[in-house]
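In what follows, a structure is listed as C-alpha cells, so that the remarks can point back to it.
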Amino acid sequence: MKHHKVVPSPYGPLTLVADDGVLCGLYMTGQRHRPAEETFGPRDDSLFAAAEDQLKAYFHGELKEFTLELRLAGTPFQRSVWSMLRSIPFGETRSYGELAEALGNPAASRAVGLANGRNPVGIIVPCHRVVGADGSLTGYGGGLDRKRRLLDFERGAGLF
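Here's what the structure looks like:
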C-alpha cells in the first residue's frame, strides 16, 4: 500500500511516496509526469525519516550520495538508465549520449532522455546531472530553473 508525506526543501515542497514502506517516488510541485495525487495513498509521517534525514544532509552539503532503498517501477531499460544516473558523481554531469554509450547502445540517446524524464525519484536518482551533448541544460521534469539551481548547488555555488 502506498503512503506519502510532503516535506519542505530549498526547491519547494517535495512529495515523498512509499510503497509498502519503500520509497518509490519523490515529486516536485509542477513536475512533468507527476502522478495524480490520489495515487500517492494516505499521508503517513512515520515512514519517511531516513529519506528526510538524507535529503536534509544533502541540502546542507553533507551528503553526496543517497543510500536509500528504492522501489522504482519502470521498464527494464528505464531501470537501467536510472541505475546509471545513480553512478554520476555529485557535482558532475554526463550527456545523454555518454549514458547511451555506457549502456552499450550509442544510438539510444533519445531513449535515455525519455527514460530520464520519467525518473520517479528526482534528486535522489540525480536526473538533473544529465545535460545536452554540448553541456547545455536540456529538459528537466522539475523545470530548467530547478535543474540549474541543483547543478549550481552541487558545484559549490551556495549551500542551503
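Counting with the numbering used here, you get residues 201 to 360 for the letters of the sequence shown.
Using N, Cα and C, we set each Cβ at its ideal position, and we do this for glycine too.
Computed from a prediction, not measured in an experiment: that's the story for all the values here.
E265 sits exposed, since fewer than 16 C-beta atoms from the chains shown fall within 10 Å of its C-beta. Remark: fewer than three beta-carbon pairs, one from each stretch, lie closer than 8 Å, so the stretch 296-306 and the stretch 261-275 are not flagged as touching. Under the DSSP definition of a beta bridge, S295 partners with V331. For A249, the uninterrupted alpha helix (DSSP H) segment begins and ends at A249 to F259. Contact between Y211 and R329 does not hold, since their C-beta atoms are separated by about 15 Å, which reaches or exceeds 8 Å.
Beyond the five residues adjoining it in sequence on each side, E269 comes within less than 8 Å, by CB distance, of V222 and L223 in the same chain, given in chain order.
Looking only at H203, A333, F353 and L214, the smallest Cα-Cα distance to P306 is reached by A333.
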